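These notes concern the structure reproduced below.
Protein chains: 2
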Amino acid sequence: MTNNSKYYPHLSVDCVLIGYEDDQLKVLLIERADVVSNEKYNDKKLPGRLIYMDEDLDEAAVSVLKEYTGIENAYLKQFKCFGSPGRTSNPKDVRWLENAVNLQIGRLVTVAYMSIVKIGARSNRIDSDYKADWISLKELPDLAFDHNQIISEAIAEVKKLIENDPMILADLLPAKFTALQLRKLYEQIYNKDLDVRNFHKKIKSMKYIVELDEREENVPHRAARYYKFDKKKI
Amino acid sequence: MTNNSKYYPHLSVDCVLIGYEDDQLKVLLIERADVVSNEKYNDKKLPGRLIYMDEDLDEAAVSVLKEYTGIENAYLKQFKCFGSPGRTSNPKDVRWLENAVNLQIGRLVTVAYMSIVKIGARSNRIDSDYKADWISLKELPDLAFDHNQIISEAIAEVKKLIENDPMILADLLPAKFTALQLRKLYEQIYNKDLDVRNFHKKIKSMKYIVELDEREENVPHRAARYYKFDKKKI
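The listed protein sequences derive, respectively, from chains E and Y.
Just so you know, we're using the numbering used here here: the first sequence kicks off at 334 and counts up by one.
Just so you know, we're using the numbering used here here: the second sequence kicks off at 334 and counts up by one.
Next comes the structure, spelled out in structure tokens:
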């Protein structure tokens, strides 16, 4: 029996954790440090790692989420396996991973998970050991491997999830929110500007969004009305 | 640099090809032959194989589909990666695979694809070399690895696809079909009996299903009306 390495891809999980903060849709990224030609450089990647031989894929993803955010019970959705041989075409990525895991890496296939995370909730303080940061989708740098593509497919998945279950929006917004906040969230998810008037009509048509009698306080502009989600009306 | 085998899962693709024939929802299965204690046995598995080191996952799935059915341009959807360590808990499965590929197999992760296939279309004669058969979902035997579970998750995926795009049903039925044929298809996809009267009302509410002026001919019962899908009305 041969041990022909052409049949030996390495397998990882990567987690796209999506949150909303300061009117920005953000994703959690980890700093990656390496040295090239005696010069140190830093760039960023998704939280993830190779799976262990005795570990279920879902278990691995859950443990990555917990490791980086402290969150234990979030819903993590496996949304796609990324396995193009071109994933390891950048020698920088391969060298970094080979140093990190002390293994020769040929092919690297990753199973991508996503989760909607409340940024700043007491349960998810980011462990500073990892130099992890919430980065706005609008300001994503060039990431390791195909992680830009993975994030963009995760956002497409969020759109599909919201169409089937709009309550996912509630996980991104504060308990009460203004029409402006909701519109900005939509604009980022759908990556386009929305007409203010049409959007107000849209809100009125969403039976699961309830107008409150409350308005903003101490704001330098006309105080906007607050809304909330009504789970019973979904 | 070590070559620690705990980081070496093997990776395969498996294809769930779903078709409809003789009022039965069917899936394409391949015969697997092996010898245990000098006794030959046969059982069945999904079409699939290990991926090659230089091959994209989608490419591997497309080549499996082509190999077994001759189909070149079908829509294949990657729907889930199955990676439980328990997938290789049956020594029979491991021994068969090790013989087939001449490799030691520890962990086996598979990326599952699905496709709706017109059974009997001229382009998809099954190559008899493979002893492949369309087997009714109602008569599925115990399959290799976790292939029963993979099929059941593929059917759940078909339900979701149909909810978003009912034209998928058109790929399963003949160009013109009776209400009975459509109901039997629904009953199998949703795995429950449907009330005949309510189902007729449901058909009337489906704007993309058009009543034809044609009826069955030469049948021993009252000739049923034919219907067809109208792609323009989706």
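Glycine residues also receive a C-beta, built at the ideal position from the N, C-alpha and C atoms.
A quick note: this is a predicted structure, and the numbers were derived from the prediction, not measured.
Within the same chain, and ignoring the five residues on either side of L494(Y) in sequence, the residues whose Cβ sits closer than 6 Å to its Cβ are I501. G381(Y) does not reach chain E, its nearest Cβ partner there being about 14 Å away, counting only Cβ pairs nearer than 7 Å. Neighbours of Y341(E) across chain Y, judged by C-beta separation under 7 Å: Y341.
Under DSSP, the beta-bridge partners assigned to V360(Y) are I351(Y), I468(Y).
With contact defined as three or more Cβ pairs closer than 8 Å, the region 433–450 of chain Y and the region 343–362 of chain Y are in contact.
A Cβ of chain Y is located within less than 8 Å of the beta carbon of Q411(E).
Fully contained in the region 373–446 of chain Y are the following beta strand (DSSP E) runs of length 3 or more, in chain order: 381–383, 410–415. Take R548(E), set aside five residues on each side of it, and the residues of its chain with a beta-carbon closer than 6 Å to its own are A556, R558, in chain order. Collapsing the DSSP output to three states places E496(E) in a helix.
Closer than 8 Å to the CB of C414(Y) there is at least one CB belonging to chain E. With respect to the 8 Å criterion, P342(Y) and V434(Y) are not classified as neighbours on the basis of their beta carbons. F415(E) is the residue among F415(E), K537(E), I468(E) whose C-alpha sits nearest the C-alpha of L390(Y). Under DSSP, H343(Y) shares a beta bridge with L441(Y). When the beta-carbon positions are compared, D528(E) and A445(E) stay at least 8 Å from each other. Your pair E405(E) and K399(E) checks out as a contact, with CB atoms roughly 6 Å apart and the cut at 8 Å. In this structure, Y560(E) keeps its C-beta atom at 8 Å or more from the C-beta atom of E550(E). Residues of the region 433–455 of chain Y whose Cβ lies closer than 8 Å to any Cβ of chain E, in chain order: V434, N435, L436, Q437, G439, R440, V442, V444. A straight line joining the alpha-carbon of L379(Y) with that of K525(E) spans about 43 Å. With fewer than 16 neighbouring CB atoms inside 10 Å of its own CB, H554(Y) falls in the exposed class. Within 9 Å of the CB of P474(Y), no CB atom of chain E is found; the nearest one sits about 26 Å away. In this chain, the alpha helix (DSSP H) harbouring F532(Y) covers 529–538. In the structure shown, the three-state DSSP call for S485(E) is helix.
Secondary structure at V543(Y): strand, using DSSP grouped into helix, strand and coil.
In chain order, A366 place their CB closer than 7 Å to the CB of K373(Y), counting only its own chain and leaving out the 5 sequence neighbours on each side. For K517(E), the uninterrupted alpha helix (DSSP H) run begins and ends at 512–523, by DSSP. Pairing I536(E) with K565(E), the inter-Cα distance amounts to about 17 Å. Distance from the CA atom of N432(E) to the CA atom of L473(E), rounded to whole angstroms, is 25 Å.
Boundaries of the beta strand (DSSP E) around R558(E): 558–562.
With fewer than 16 other beta carbons inside 10 angstroms of its own, R530(E) counts as exposed. With its beta carbon at least 8 Å from every one in chain E, S422(Y) lies outside the interface.
For E388(Y), the chain E residues whose Cβ falls inside 8 Å of its Cβ are P418, in order along the chain.
Nearest neighbour of I542(E) by Cα position, chosen from V369(E), R516(E), Y401(E), G403(E), turns out to be R516(E). Residue nearest to D479(Y) within the set S370(Y), K377(Y), D387(Y) is K377(Y) (criterion: CA-CA distance). With contacts defined by Cβ atoms closer than 8 Å, M386(Y) and R428(E) do not form a contacting pair.
Membership of L502(Y) in the alpha helix (DSSP H) is indicated by the continuous run 501–505.
In summary, D546(Y) is exposed, with fewer than 16 beta-carbon neighbours lying within 10 Å of its beta-carbon over all protein chains present.
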